[in-house]
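Counting in the working numbering, the sequence shown runs from -16 upward without gaps.
Idealized CB from N, CA, C, for every residue including glycine.
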Amino acid sequence: MWKKIEKILEDKGISEEQLRKLLPARDAATLTRVKKGSTKNPSFSFISNLARVLDVLIDDILPDDFKK
-16 MWKKIEKILE DKGISEEQLR KLLPARDAAT LTRVKKGSTK NPSFSFISNL
34 ARVLDVLIDD ILPDDFKK
C-alpha cells in the first residue's frame, strides 16, 4: 500500500510531511505504521480519509491483492 501512496504523492507533488498535516492525528500515526509495514490492514476510515485528502479513488490506494 505504501508504494501506491508514495507514487500518488510524487504524481501530485505533495510531500509526506504535507500529507501528514492534512490528515487527522490518528491517521498520520497510521500512515507511519503503513510506511513501516507494521500495519497491513488499516481501517476503512483511514483509507477513506487518505483518498479524500489526496483526491483519488479508494481503489487507487488499496493493495491489488485486497481487490480479489
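- Here residue 40 carries a coil assignment [DSSP, helix/strand/coil].
- Along the length of the stretch -10 to 35, whole alpha helix (DSSP H) runs at least 4 residues long occupy -1 to 5 and 8 to 19, reported in chain order.
- Only residues of its own chain outside the window of five on either side were considered, and among them -9 have a CB closer than 8 Å to the CB of residue 39, listed in chain order.
- Close CB contacts of residue -16 within its chain, under the 6 Å cut and outside five residues either way in sequence, are with 17 and 46 (chain order).
- Its Cα nearest to that of residue -11, the residue 14 stands out among 48, 28, 14 and 25.
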